[in-house]
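Colleague: Provided herewith is a single structure, encoded as structure tokens, for subsequent inquiry.
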């Protein structure tokens with residue numbers, strides 16, 4: 051299983067290998083879900099909320115995104131498709 055930082059900064063998969071954005075991970079890896087959302091890093095914030103399995107964090111991402119985008123998404127909206135985040139079983143991580 052991926053650790054939080056690797057999951058949040060995964061930019062794609064090559065079969066069972068997660069490809070992680072090394073620079074973004076180093077620069078923003080310690081930010082909370084709220085901090086990521088407030089910086090406009092919505093995909094990373096959503097990934098962080100999914101990883102935490104915390105509904106409050108997910109609601110935070112939705113609220114900040116809706117305010118910034120003038121949207122009206124809810125926690126039950128199809129946000130996986132919006133942000134392109136899907137949990138996948140991986141065997142190893144490659145940082146680029």
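Residue numbers (this note's numbering): 51 to 146. Just so you know, even glycine gets a beta-carbon here, dropped at the ideal spot from N, CA and C. None of the values given here were measured: they were computed from a predicted structure.
For the putative contact between residue 129 and residue 96, defined by C-beta atoms under 8 Å, what is the C-beta separation to the nearest angstrom?
Modeller: For a cut-off of 8 Å, the C-beta gap from residue 129 to residue 96 is around 6 Å, short enough to register as a contact.
Colleague: With residue 58 as the anchor, note down where its alpha helix (DSSP H) starts and where it stops.
Modeller: Note, residue 58: alpha helix (DSSP H), 54-58.
Colleague: Using the DSSP secondary-structure output, state which residues sit across from residue 88 in a beta bridge.
Modeller: For residue 88, which the question treats as bridged, DSSP gives no partner whatsoever.
Colleague: Tell me which residues share the same chain as residue 122 and place their Cβ nearer than 8 Å to its Cβ, disregarding the 5 neighbours each side in the sequence.
Modeller: 116
Colleague: Using only CA atoms, which one of 68, 79, 57, 85 lies nearest to residue 114?
Modeller: 85
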